[in-house]
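Residue numbers (this note's numbering), protein chains in the order written: chain A, 2 to 501; chain B, 17 to 150; chain C, 91 to 431.
Backbone N, C-alpha and C define an ideal beta-carbon position, used for all residues, glycine too.
Only a predicted model underlies this, so the values are computations on that prediction, with no experimental measurement involved.
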Amino acid sequence: MNAHLLVLEVVVPLMAAPLCMLLPSKPAARMFSIAVAWITLYLAWSILGALGATEHGVIAYELGGFPPPFGIELRVDWANAYLLLLVSGIAAVVLMFGPGSAGAAVAEGRHAFFYTAVLLALAGLLGITVTGDAFNVFVFLEVSSLASYSLIGLGRGARAPMAAFSYLIMGTIGGTLFLLGVGLLYQMTGTLNMADLTTRLPDVLDTRTIVLALALLIVGVGIKLAVYPLHQWLPNAYSFAPSVVSAFLAATSTKVMYYVLVRIIFTIFGAAFVFETLHADYLLLPLSLIAMFGGSLAAIYQHDLKRLLAYSSVAQVGYMMLGLTLASATGLTAGLVHVFNHALMKGGLFLAVGCITAQVGSSAMGDLRGLGKRMPFTCAALVVGGLALIGVPSTVGFVSKWYLVQAALEQDLLSVAALILLSSLLAVVYVWRVVELCYFSEPDATQVEVTGRPPVREAPLGQLLPTWILIGSTIIFGLTTDLTVGTASKAAAQLMGVGP
Amino acid sequence: MSEVLGLWNYWVVIVLMMIGLYIMIARDSLVKKVMGLNIFQVSVIMFYVSMGKVRGGTAPILPEGGAEGVLFSNPLPHVLMLTAIVVGIATTALALALVVRIKEAYGTIEEDEIHALAGGDGMDGRSAVQGEAE
Amino acid sequence: MDFPVEVILFLFLLATALTVALLEDLFAAAMMTGIFSLLSACLFTLMDAVDVAFTEAAVGAGVSTVLFLSTLALTAQREKQHPFTWFPLLLVILTGACLVTGTLDMPHYGDPKAPIHVHVAPEYIAGAERDFGIPNIVTNVLASYRGYDTFGETVVIFTASVGVMLLLGHRRRRPGPAHRPTITPEGAARMRDFAIVRVVSMGVIPLIVLFGLYVQFHGDFGPGGGFQAGVIIGAAVILYGLIFGLSTLQRVVPSPLLETGIALGVLLYGGTGVASLLMGGHYLDYAVFDSDDPKHGRHLGILLVEGGVGIAVTCAMILIFYSFAGRALAREAFDEGGGGQ
């Protein structure tokens, strides 16, 4: 029964999507999708539990009853079980945000379609995470990508479709390069099964074809992960998407792609080949440092809160990549912990922006003036989330950076450790800008009159609750790290080949 | 020399792929970009199908009267590429739907003009989500 | 030796791709993209990929050309001239050079000893007779060994139609001048008024549908299957819409019916998997459907999932067409019957 959990984790949301489309009303579709997301969370939790009971920390499932490498295999170890929990958990919380689909320009009578698309995006991401087959990753990557493009294109305002289109072009280039990379691996080994690839690749590692395959896979995934300098699609996509969609995608999509990259480098090719033979770190380390600084600097100069958060995401991807590039158990732990932690804070922050745009009608920095008095809970969420972004002790951000600095020091990279701390100071600057506007500025009197809206009130409970669940978790997981660091370090040990 | 004979069609496929990529990144017309995307994807499909070909082989359909001694081309790349074609048409449909929406919003489908109308990449102090309230 | 034929086709293909890149007339470029797909389909046939060729011809030359033309009718016919820049060209040449370097260590074209021909594939070929009794090996790998991928593929096309309907759903609030189609049907001939077109299409459309059904159910034996059948039947219905007008078509095949259909198609595929779970097998293990004769069980399973794909794809094609056409021409203008460009 345990093994069936793996396929159910994907098939439940996948089959729920067409059912959701047929539901007659918006509340029904919404409640249905929330229920489905919670079921996937329960399944993910059970998978994590079942994994603890296994000897080697691996559960495999043969689809269609065909043994691998002939059939498609689902294969879960600590790394993807951890990601499944994260993705389904975020979906369960973010979908509760309501009433309404926060900023989505959905035609009357089409709301069920909106939730259908969200379920498809969720199913796609879970499908990528759970599979043990390289080509299958591509299929589910496209399911989640197509759903994301449509959801982003639904943002209000003229620029959302263009942001979605640019993302579509970049994303499809990424997906197709990934496909080509998988093709080259297949060409040289004759297999698509990841575990089989691991055993068959060492024979052909010295060929130029395999090096090219690795490069294509890294660039392809790197585009979707928004690794600097392939991140150009991200700021527009996250700024113009409906807030709920930004929250969901920022917290899950790039995280799953990070997992895919980790899987490619550490499981399929092996860290020794990528970092010791090819020295990919010579390229990736500077790029992650540039991302950390470039993203944060760009965030400082934004005039829109959503855009500020989007640029901050570019910087945060830099931290995750740094953890990966250090290629040690501690570094990988730091990267994976940050995946979880950043998902909580960015998800929570984008939901807080959703509260603001729903009440104020805009997310321009200027409209934040004096908002601390009128929307105290929402602004408090912004502050706590911001502190986590900086990495203040007792928040999750501190935990991530603690392990990251440790990993850098382990390898005597003092300068890298210093740069991590220095880049955090940039986060202080952009978070302070938000705090200053919310609490220490008076609202612009003329602006209020011009818009002619009713006075701004605090967001309703249906919006505040999911926001605060995520923001509250940034504190909870900042204090108790058993689940995050515990699982991540087991995953890292497994990925480094040390065994759990 | 044997390299040229054995690999030339992969190279042609690569040239096709690069033409598609060039159209996507260099052209400003959004519809043209989608066409480039098509060419790019079809080239990758051709790459896979080339891999599957076995010299002297035949299409992987069992002939009547048994498959004794018949050499088949590899069916797996064909299976994978059927999926890739579906992904291609799905992407094209969605991309073109977005193009129609962009045309309605800006009155043009030339990327540079859209960026000019939208005020560059910066926000110029305007909100990303003016009037987002439900 | 069919070597020269391939060379000539590849040269044509290169010429077509370059023409697409250079043409400023987008209508012509759209037609060239269709030709590109047809030429590719010919090459696929030469490389023994008959199923892929069939699908590429139906999708690339058929559906995507219709989509391009519908989009062009709504947007712009010509591309604007732009100054040439070096950076993209250099980037592309550099990338191409890297790719060519990477091919140097690859097994040569057609080499029967290449890893992909000796590792997994022989099992598929051996298993076709032993476990399935289905002559078309592509069909049984597609629906069984890699049935989960094909389920994903069905969901991909479902996702695209959900996305297109969300983006182009019936929401036309601001019909400003920018929203009018560039090509208005007034100037175009009314297709419905041509007796020949009407009569011929009335004869042809049932035949196309019949052919589609043949492709659906003959997929076990020859090239074809649910996806190809769905595209063909969808195309027949779209042809009817182009000639007799969108609203006539929508009276015959209303949107809600299609939406139900596409959902049921996906559910039929997924449900077949759930049924095999409930009967004690793994997901999509069709052998459990008939415990006495696994071959028969697998046959039944493949029939069911291919049916799901066929239904979903037919409905998806028509729904995508509805979304574009409904947006494309002001409703009454389209109903005059001049929608086909």
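Within the present structure, is the beta-carbon of residue i separated from the nearest heavy atom of the ligand FMN by less than 7 Å?
i, result
"Y116(A)", "Ligands displayed in this structure: none; no statement on the ligand FMN is therefore possible."
Which two residues bound the contiguous beta strand (DSSP E) that contains residue i?
i, result
"A61(A)", "I60 to E63"
"E74(A)", "E74 to V77"
Does the CB of residue i have a neighbour CB from chain A at under 8 Å?
i, result
"E219(C)", "no"
"R43(B)", "no"
"R341(C)", "no"
"M51(B)", "no"
"S234(C)", "yes"
"Y64(B)", "yes"
"T107(B)", "yes"
"G416(C)", "no"
What span of residues does the alpha helix (DSSP H) with residue i cover, start to end?
i, result
"E10(A)", "H5 to M22"
"N137(A)", "A135 to G154"
"G81(B)", "It is not in any alpha helix (DSSP H) - G81(B) carries neither H nor E in the DSSP assignment."
"E213(C)", "A211 to G217"
"M97(B)", "P91 to Y122"
"Q57(B)", "L46 to G68"
"Q318(C)", "G316 to F334"
"K491(A)", "D483 to L496"
"E459(A)", "Element bounds for E459(A): n/a, residue is neither H nor E."
"L121(A)", "H112 to V131"
Can you tell me the Cβ-Cβ gap for residue i and residue j, rounded? I've got them flagged as a contact below 8 Å.
i, j, result
"M40(B)", "I170(A)", "6 Å"
"E396(C)", "V102(B)", "Not really, about 14 Å apart at Cβ, beyond 8 Å."
"F317(C)", "V403(C)", "5 Å"
"T208(A)", "L198(A)", "Not a contact, Cβ separation roughly 14 Å."
"I392(C)", "T229(C)", "7 Å"
"A234(C)", "G65(A)", "First, the residue type needs correcting, since residue 234(C) is Ser and not Ala in the sequence shown. Confirmed, Cβ separation roughly 6 Å."
"V119(A)", "L96(A)", "7 Å"
In chain order, what residues of the same chain have a beta carbon less than 8 Å from the beta carbon of residue i, not counting five sequence neighbours either side?
i, result
"L84(A)", "T130, K256, V257, Y260 and V340"
"S89(B)", "G68, K69, V70, G73, T74, A75 and P76"
"Q171(C)", "E114"
"F478(A)", "F341, N342, L345, V397, V400, L484 and T485"
"P377(A)", "E459"
Taking 7 Å as the limit between beta carbons, can you name the residues of its chain near residue i, skipping five residues before and five after?
i, result
"G487(A)", "none"
"E63(A)", "P69, G72 and E74"
"A326(C)", "I295, I298, V299 and G302"
"M102(C)", "First, the residue type needs correcting, since residue 102(C) is Phe and not Met in the sequence shown. If we look at F102(C) and ignore the five residues flanking it on each side, its Cβ neighbours are L129."
"V430(A)", "I301"
"G22(B)", "none"
"G371(A)", "S442, E443 and P444"
Is there a C-beta anywhere in chain B that falls below 8 Å from the one on residue i?
i, result
"G186(C)", "yes"
"S127(C)", "yes"
"V140(A)", "yes"
"L284(A)", "no"
"M97(A)", "no"
"S442(A)", "no"
"P94(C)", "no"
"E396(C)", "no"
Just to confirm my understanding: we take residue i, look at its own chain, exclude 5 residues before and 5 after, and list those with CB closer than 6 Å. What are they?
i, result
"R371(C)", "Checking the sequence shown, residue 371(C) turns out to be Gly, not Arg. So the qualifying residues of the chain are V378."
"C405(C)", "L348, G351 and I352"
"A111(B)", "V50"
"G104(B)", "Q57"
"D368(A)", "V361"
Using 8 Å as the limit for Cβ to Cβ distance, is residue i near chain C?
i, result
"R160(A)", "no"
"G68(B)", "yes"
For a contact meaning CB atoms closer than 7 Å, what does residue i contact in chain E?
i, result
"D239(C)", "The structure shown contains no chain E; its protein chains are A, B and C."
Along the region 236-258 of chain A, what residues have a CB closer than 7 Å to any CB found in chain C? Residues passing the 7 Å Cβ filter: none.
Closer than 7 Å between beta carbons: that is the criterion. Which residues of the region 370-388 of chain C meet it against chain A? Answer set for the region 370-388 of chain C: G371, H372, Y373, L374, D375 and A377.
Taking a Cβ distance cut-off of 8 Å, strictly less, list which residues of the region 163-175 of chain A are near chain B, in chain order. Those residues of the region 163-175 of chain A that come within reach of chain B (Cβ to Cβ, closer than 8 Å) are M163, A165, F166, L169, I170, T173 and I174.
Mind checking the region 246-262 of chain C against chain A and listing, in chain order, the residues whose C-beta falls within less than 7 Å of any C-beta there? If you check each beta-carbon in the region 246-262 of chain C against every beta-carbon of chain A, the ones closer than 7 Å belong to V246, F248, T249, A250, V252, G253, M255, L256, L257, G259, H260 and R261.
Return the residues of the region 200-218 of chain C that lie within a Cβ-Cβ distance of less than 9 Å from chain A, sorted by chain order. Listed in sequence order: A204, P205, I206, H207, V208, H209, V210, A211, E213, Y214 and G217.
Just by C-beta distance, which residues in the region 163-184 of chain C are closer than 7 Å to chain A? Of all residues in the region 163-184 of chain C, none comes within less than 7 Å of chain A when Cβ atoms are compared.
If the cut-off is 7 Å on Cβ atoms, which residues from the region 77-94 of chain B count as contacting chain A, listed in chain order? Close to chain A, meaning a Cβ-Cβ distance shorter than 7 Å, is no residue of the region 77-94 of chain B at all.
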